[in-house]
Amino acid sequence: MTTPPIVVAYDGSGAGERAVTLAQSFAQSSGAALVVAHVLEWSPYSFLTKEEIEERHKRRKEEMTRAEDVLVSPVVAKLQAAGLTVSSDIRFGHVAETLVDIAKARNASQIVIGRIGSSGLGARLFGSVTGTLAQIATVPVTIVP
Amino acid sequence: MQRLTQRAALGAFLTALPAMAMAQDEAAATIGDTINDIFAASTGWFVALIFANVPGTGVPWIVGWLVIAAAVFSLYFGFIQFRAFKHSIQLVKGDYSDPNDAGEVSHFQALATALSGTVGLGNIAGVAVAVSIGGAGATFWMILAGLLGMATKFTECTLGVKYRNEYPDGSVSGGPMYYLDKGFKERGLPLGKFMAVMFAIFCVLGAMGGGNMFQANQAHAAISGVVGDYPGWITGVILAAVVFAVIIGGLKSIAQVTEKVVPFMGVLYVLSALVIIAMNLDMVGEAFREIFAGAFTGLGVTGGIIGALIQGFRRAAFSNEAGIGSAAIAHSAVRTKEPITEGFVSLLEPFIDTVVICTMTSLVIIITGQLMVNPETGLYILNDSGGIATVGDTSGVALTAAAFSSVFGWFGYVLAVAVFLFAFSTMISWSYYGLKAWTYLFGEGKGKELVFKLLFCFFVIVGAASSLGAVLDFSDAALFAMGVVNIIGLYFLMPVVKRELASYQARLKSGEIKKFK
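Chains as they are written, first to last, in full-length UniProt numbering: chain A, 1 to 145; chain B, 1 to 517.
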């Protein structure tokens, strides 16, 4: 039986980098595979103009390609170079909920995510991705400061 | 015809220019009157043709045309509007959306965007026009037309998606011109291309009329109702500048803000109406009695029952645009595997637009007692022009404002903002529909598109400066002309929709189309 994989949330930020670094050390010591997850924020209930609707399919493809090429692929390549088994998962949706979905789909043992560390009014009012994830996750979550 | 109007109106504008140097009032009157006279004179024949009565009756043939079509589609699809109502709501909620398609336009977004194009002045001003001429009874016929119109929308939007053009870059173009053209060819029917071109011409006219001038006109009426009377061309120039900034200047942020504010305005409007209705709960029974009595006796309105019926049907068609073909253009831009799902989603539009929102407006006008009734006979008191006398001698959007303000004094201001935003969002929507028809006719290209957009801005000014009567008649006529061509097409293509429906229902039953939530 293989060790269940670890999902690491990566958004290209410094916090994302720190999460990847920690997940890498987890993977190296346990022999688990890594899943680099990237979620593009998207709500099916936002309002779009007619032009936005017409262009949506094109934009979605562009956003997907950009996330793949600019953000995820370099990280995957770097981790593979370190000798790890790595795959990626790029999806649209509510960030925390989608990360939970990815972890479920991959039978992951845990989710590693970086924290931006904003304690301002915005985070208090709207909540943060990491906070929400900690609330709703179905597997253990490691939050990297 | 359009070129004629344009040249005439441009001529009017140019000859009137020196007058601008004169005293403000005089100048305004000159420009307004000249535009108005020339406008009425040059569009009169078109309006007369569209609204000609069925020989020997007082019923305009076009009204019968739309309602008969809606009834035919309702029967042909076995009252799909009621059978599929629950499924439509499940689709909008996303119960059948594949999570792997996240990031594509959702059914909810498609519905919200299509609604922001139809919910507008028809719901506020149009309904007021209907009840001030046809009485409370017009409401009954309006609701009936709205319910039947759901089947028409279902048919046209399914076809819009099915026969759209998909381009290599992933963008899509669709609407009646495409299904008339491609659908007729596929079924081996002649004249498809000809009808597609006719539709596109009427669509450009409709975009300039109901989608533009009527909106500008009523936006001016709403603002002058709050700040006092002032020349219409001033509103026109300001509104045209904003429209210019959006559709030519590419200031997308304005359109995006409007698209986001309009739904909230719509909700606020309905909530306010509900509060007024709740505050006068004891009057609701009486209001419905008046609606039913009016529907079947006319309660003394000009033209009797037929007068009430025509007003109700006409306003419903103008407000929810079922059968006009505009929604088919809007929905065809949505990416979906099953064309019929857009049909299901779109059938909710006439329901929300007409059966819910228009009825709210109507109930508020009736409940607040704006229509003057002779206490002895129980019949309406008519004014000089044959309409019903109202408390403040108002009509159109001013009547709705008077009705809401009689309960909430400040509502006039909210309504003025709402009307302005609704008008603006409807104009932006119609500039899109018109442009789609324009590019179908003349091909795509920056220069060609610019010509359309400049014309569109010009007509904003014409619309704001004209009087209501001439603009309203032309707006209705151009929109209904779209309906004439579109519905002929729908009759010939409805078997295609029936096949889609049967196939979809079979797969839904077998579990091939599965629920994700």
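Ideal Cβ positions, reconstructed from N, Cα and C, are used throughout, including at glycine.
8 angstroms Cβ cutoff, residue i in contact with chain B
i       : result
R91(A)  : yes
I113(A) : no
Y10(A)  : no
H57(A)  : yes
T49(A)  : yes
L40(A)  : yes
P44(A)  : yes
E17(A)  : no
K61(A)  : yes
I116(A) : no
I53(A)  : yes
C-beta neighbour in chain A for residue i, strict 8 angstroms
i       : result
Q109(B) : yes
Q256(B) : yes
Y76(B)  : no
S106(B) : yes
A330(B) : yes
T43(B)  : no
T341(B) : no
G249(B) : no
K515(B) : no
A200(B) : no
G304(B) : no
V242(B) : no
V204(B) : no
Residue span of the beta strand (DSSP E) that contains residue i, given as start and end
i       : result
R91(A)  : 86-93
I6(A)   : 6-9
T142(A) : 141-144
Length of the line joining the Cα atoms of residue i and residue j
i       : j       : result
L148(B) : I352(B) : 13 angstroms
A245(B) : L454(B) : 11 angstroms
A21(B)  : V227(B) : A caution first: A21(B) carries a pLDDT of 38, below 50, which makes its placement in the model too unreliable to give a value.
V36(A)  : M150(B) : 47 angstroms
Y380(B) : S224(B) : 28 angstroms
V161(B) : F92(A)  : 24 angstroms
V76(A)  : F108(B) : 35 angstroms
A52(B)  : S97(B)  : 47 angstroms
M177(B) : V204(B) : 12 angstroms
I38(B)  : V462(B) : 11 angstroms
F424(B) : A216(B) : 8 angstroms
T158(B) : G294(B) : 36 angstroms
E156(B) : S88(B)  : 16 angstroms
P4(A)   : T65(A)  : 28 angstroms
W430(B) : R56(A)  : 20 angstroms
T394(B) : A402(B) : 8 angstroms
K517(B) : G434(B) : 38 angstroms
L91(B)  : V345(B) : 7 angstroms
T5(B)   : G232(B) : Residue placement at T5(B) cannot be trusted, given a pLDDT of 41 that sits under 50; what the coordinates show is reported in the next sentence. Using only the alpha carbons, I get a separation of about 19 angstroms.
Q81(B)  : L399(B) : 32 angstroms
L415(B) : L268(B) : 10 angstroms
G409(B) : I324(B) : 37 angstroms
E338(B) : N280(B) : 45 angstroms
T118(B) : A67(A)  : 37 angstroms
8 angstroms contact criterion, which residue i and residue j should meet: CB distance rounded
i              : j       : result
G298(B)        : G304(B) : 4 angstroms
A316(B)        : A145(B) : 4 angstroms
Y10(A)         : L48(A)  : Actually they do not touch by this definition, with Cβ atoms about 28 angstroms apart.
V47(B)         : A477(B) : 4 angstroms
residue 568(B) : A333(B) : With chain B running from 1 to 517 in the structure shown, residue 568(B) is simply not present.
I102(A)        : V7(A)   : 6 angstroms
V301(B)        : G135(B) : 4 angstroms
V131(B)        : A138(B) : 5 angstroms
W42(A)         : G103(B) : 5 angstroms
I388(B)        : L371(B) : 5 angstroms
L239(B)        : V460(B) : 5 angstroms
Alpha helix (DSSP H) segment containing residue i, residue limits
i       : result
G114(A) : That residue, G114(A), is in no alpha helix (DSSP H); its beta strand (DSSP E) goes 110-114.
V204(B) : 192-208
L111(B) : 107-118
A333(B) : Where A333(B) is concerned, there is no enclosing alpha helix (DSSP H), given that its DSSP letter is neither H nor E.
L34(A)  : Looking at the DSSP string, L34(A) is not in any alpha helix (DSSP H); the run it does join, the beta strand (DSSP E), is 34-41.
L435(B) : 411-442
Residue i Cβ short of 7 angstroms to the ligand NAD heavy atom set
i       : result
M177(B) : Inclusion of the ligand NAD in the displayed structure is not the case, the ligand content being empty and no account of it being possible.
When you check each C-beta in the stretch 155-184 of chain B against every C-beta of chain A, which residues fall closer than 7 angstroms? Residues D169, G170, S171, V172.
Tell me which residues of the stretch 259-286 of chain B have at least one Cβ-Cβ distance to chain A shorter than 7 angstroms, keeping chain order. Under the 7 angstroms Cβ criterion, the stretch 259-286 of chain B contributes E259, K260, P263.
The stretch 344-371 of chain B: positions lying closer than 7 angstroms to chain A by Cβ: Answer in chain order: no residues at all.
Residues of the stretch 416-441 of chain B with Cβ closer than 7 angstroms to any Cβ of chain A, in chain order: When CB distances to chain A are screened at a threshold of 7 angstroms, the residues of the stretch 416-441 of chain B falling below it are S429, Y432, in chain order.
Counting only Cβ-Cβ distances shorter than 8 angstroms, please list the residues of the stretch 110-135 of chain B near chain A, keeping chain order. Correct list: A110, A112, T113, S116, G117.
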